[in-house]
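Engineer: Okay, handing you the structure first.
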Amino acid sequence: MHRVGVTALALSLVTGLTGIAAASAAPSGGHHVYPSRQQVHDARHQVARAADDVAGIKAQLVQADLDAQAAAVTAEQAAERYNGARYALQQARRDSRVAARHARIAETDATRTRHQYAATVVTSYEMGPSFSPLSALQGDDGVASVINTMSTLQNAQAAMDHSFDSFTASSTLAGVARAQADAARSKAATLATQAKSARDQAAAAAAAADRASEQIAARKSHLIHRLAKLQHVSVALAQQRQAGIERAARLAAQRAAEKKAREQAAQQAAQQAAQQAAQNATDSASPPSDPTPGSSGPAEPSPPSADPPAPASGASRATAFARSQIGDPYVWGAAGPNAWDCSGLTMGAWRAGGISLPHYSVAQYAQSTPIASSSLRPGDLVFWGSSSSPSSIYHVALYVGNGMIIQAPRTGRDVEEVSMYYWIAPNFFARP
138 MHRVGVTALA LSLVTGLTGI AAASAAPSGG HHVYPSRQQV HDARHQVARA ADDVAGIKAQ
198 LVQADLDAQA AAVTAEQAAE RYNGARYALQ QARRDSRVAA RHARIAETDA TRTRHQYAAT
258 VVTSYEMGPS FSPLSALQGD DGVASVINTM STLQNAQAAM DHSFDSFTAS STLAGVARAQ
318 ADAARSKAAT LATQAKSARD QAAAAAAAAD RASEQIAARK SHLIHRLAKL QHVSVALAQQ
378 RQAGIERAAR LAAQRAAEKK AREQAAQQAA QQAAQQAAQN ATDSASPPSD PTPGSSGPAE
438 PSPPSADPPA PASGASRATA FARSQIGDPY VWGAAGPNAW DCSGLTMGAW RAGGISLPHY
498 SVAQYAQSTP IASSSLRPGD LVFWGSSSSP SSIYHVALYV GNGMIIQAPR TGRDVEEVSM
558 YYWIAPNFFA RP
C-alpha cells in the first residue's frame, strides 16, 4: 500500500512540475523557464523520504513488539527468581528446624551423660576409703580381700572412664549440633533477606513491564497514525492492516517452530529406529537361545505416535484442573485459588493430579524426568529457558495434547490455552 502513497505523492509532484513547465512554456524575454536541477532533486528526495518513512514506521512497529516481548521475558525471569528465592528459603528454614531439633537432642544427651559422670565420680569418692588396699589387708581374708578390692576398684575406674568418654563424646556432638543449628539459622536469615530483595525486584520488573506495555501501546498508536497519513488511509484501516500483519507474522513463526519440532521428532525417531535395527542385527548374529514356546522372535518396534496418550490417572486430573482455571488472572507469586503465576499453576495442577511440585520452575524440572519433545503427552511440562542450561528456565506450562498448552503467561494476560509455539519455542520438556 505504501507504493500507492508514494506513487500518488510522486504524481502530485510531477503534476506540480508539469504545471510549472506549462505555465512557463511561453517565452519570457526570449527564455524558457524550467524547474531547476535542485528543484527536481528536492522533489525526488521527498518521494524517496516518504517511502523510507513508511518502511521505517513498519520497522519501528516490529521493534515495538520485540520490546514488549523482551519486557515480558524480563518480568517473568524476575518473578521466577523470586519463586526460586522463596524455595531456597523454605528449604533453609526446614533445615534450620531439623538442625535445632538435633541440637536439642544432643544437648539433652550431653546433660544426661554429664549427670551420669558426676554420679560416678561421687560414688567412687564415697567408696574410696572402704576399698583401699590397706583396709583390705586388715580384714579376715587378707590377700584374697586385697585382690577382690583391687578388682572392684579397677571395675569402678573403668566405669568412670566410660562415663567420662561418653560425656566427652556427647558434649562434642552437642557443640557440633549447636554450630550447625546456628549456621542453619544464619543461612535462613540471609536467604530471607535475599527473598525480600527478589520480591522487590520482581515487583519492580512487573511494574516496569506494565509501564513498557503502556508506552509501547502509545508508541504503536502514534506510529499507526503516521502510517495512515502516509498511506492516505483511515486510522482504522491502518490498525486493521497492522493487526493482520502481526497475526500473519505470529502464525508464520508458529508454523516454522512446529515444522522444526516435527523435523526434530522425525530425526529422533529415525535414530531410534536405526539403533533398534542395529540391535536386532546384533541379536540375530548371536547364537540362538532356547525360544519361548509360541514366541515368534522379537517384535518390530512400532513407530512413535505424534502425541502418545496420557495415563488416565494423575495427568488427566492435572489437565482438567488447569483447564478449569482458564480466565483467571496472572499474578506473579500467586498459586491460586483465583490467580496464578506460571509455576504456581503447574504446581496446583499436579497437586490435583496427586504429585507435589515446588513453586519454582527450575525445581519442577529438576524433580521431574526429562523427556524429548517427541515424547510429549498430556500432563507433561514444557519449559522456556534463556540458554541450554536448566538453571536458565524462567517459564513453565502444562502440555494438554495436539501441540497445545495451558499456561499463566504474564502480567496483563489471563490463564489461557494456546499453541506451545505461540511465542518462543520451548527448549525443555519433563514428566512429573
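According to the numbering used here, the residues represented by the sequence shown are 138 to 569, in order.
Backbone N, C-alpha and C define an ideal beta-carbon position, used for all residues, glycine too.
#1: Among the residues of its own chain, which have a CB less than 6 Å from the CB of residue 510, if the five just before and after it don't count?
#2: Nearest CA to the CA of residue 194: which residue from 564, 403, 341, 368?
#3: What is the DSSP secondary structure of residue 469, counted as helix, strand or coil?
#4: Quick one, are the C-beta atoms of residue 505 and residue 568 less than 9 Å apart?
#5: Taking just the CA atoms, how far does residue 221 sit from residue 315?
#6: Have a look at 236, 497, 464, 409 and flag the residue whose alpha-carbon is nearest the alpha-carbon of residue 552.
#7: Could you compute how far the alpha carbon of residue 491 sits from the alpha carbon of residue 196?
#8: What did DSSP end up calling residue 460 once you bin it into helix, strand or coil?
#9: Is the beta carbon of residue 306 sitting closer than 9 Å to the one on residue 211?
#10: Once the 5 residues before and after residue 531 are set aside, which same chain residues still bring their CB inside 6 Å of it?
#11: Using the three-state DSSP reduction, which class does residue 568 fall into: helix, strand or coil?
#12: Out of curiosity, what's the CA-to-CA distance linking residue 208 and residue 320?
#13: Which value, in whole angstroms, describes the spacing of the CA atoms of residue 495 and residue 246?
#14: Using CA coordinates, which residue listed in 324, 379, 348 is at the minimum distance from residue 130?
#15: With distances taken from CA atoms, which of 403, 383, 251 is nearest residue 202?
#16: Tell whether a beta-carbon distance below 9 Å holds between residue 540 and residue 558.
#17: Hey, how far is the Cα of residue 253 from the Cα of residue 238?
#18: Just curious, the alpha helix (DSSP H) that residue 482 is in, first and last residue?
Structural biologist: Considering the structure as presented:
#1: Position 373 of the sequence shown, counting from 1, holds the residue named residue 510. Once the five neighbours on either side are set aside, the close Cβ partners of residue 510 are 398, 566.
#2: Position 57 of the sequence shown, counted from the first residue, corresponds to residue 194. It is 368.
#3: Residue numbering aside, residue 469 sits at position 332 when the sequence shown is read from its first letter. If DSSP states are grouped into helix, strand and coil, residue 469 belongs with coil.
#4: Residue numbering aside, residue 505 sits at position 368 when the sequence shown is read from its first letter. Residue numbering aside, residue 568 sits at position 431 when the sequence shown is read from its first letter. It is a contact, given that the beta carbons lie within the stated cut-off.
#5: By one-based count along the sequence shown, residue 315 stands at place 178. By one-based count along the sequence shown, residue 221 stands at place 84. Roughly 28 Å separates the two Cα atoms.
#6: Position 415 of the sequence shown, counted from the start, is the residue given in the question as residue 552. Comparing Cα-Cα distances from residue 552 to each of 236, 497, 464, 409, the minimum goes to 464.
#7: In the sequence shown, the residue the question calls residue 491 occupies position 354. In the sequence shown, the residue the question calls residue 196 occupies position 59. Their Cα atoms are separated by approximately 49 Å.
#8: Position 323 of the sequence shown, counting from 1, holds the residue named residue 460. Three-state DSSP puts residue 460 in a helix.
#9: For the purposes of this step, residue 306 is taken as the residue at position 169 of the sequence shown. For the purposes of this step, residue 211 is taken as the residue at position 74 of the sequence shown. No, these two residues do not count as a Cβ contact at 9 Å.
#10: Walking along the sequence shown from the start, residue 531 turns up at place 394. Around residue 531: 213, 214, 217.
#11: Taking the first residue of the sequence shown as 1, we reach residue 568 at position 431. Strand.
#12: Sequence index remark: in the sequence shown, residue 208 carries index 71 (1-based). Sequence index remark: in the sequence shown, residue 320 carries index 183 (1-based). The straight-line gap from Cα to Cα measures roughly 38 Å.
#13: Sequence index remark: in the sequence shown, residue 495 carries index 358 (1-based). Sequence index remark: in the sequence shown, residue 246 carries index 109 (1-based). Distance between the alpha carbons of residue 495 and residue 246: 36 Å.
#14: No information on residue 130 is available, as it lies outside the stretch 138 to 569 that the chain covers here.
#15: Residue mapping note: residue 202 aligns to position 65 of the sequence shown, counting from 1. Minimum Cα distance to residue 202 is reached at 383.
#16: Start at 1 with the first residue of the sequence shown, and residue 540 comes out as number 403. Start at 1 with the first residue of the sequence shown, and residue 558 comes out as number 421. Taking 9 Å as the Cβ cut-off, residue 540 and residue 558 qualify as a contacting pair.
#17: For the purposes of this step, residue 253 is taken as the residue at position 116 of the sequence shown. For the purposes of this step, residue 238 is taken as the residue at position 101 of the sequence shown. C-alpha separation (whole angstroms): 23 Å.
#18: Here residue 482 refers to the residue found at position 345 when the sequence shown is read from its first residue. Counting along the chain, the alpha helix (DSSP H) containing residue 482 begins and ends at 479-489.
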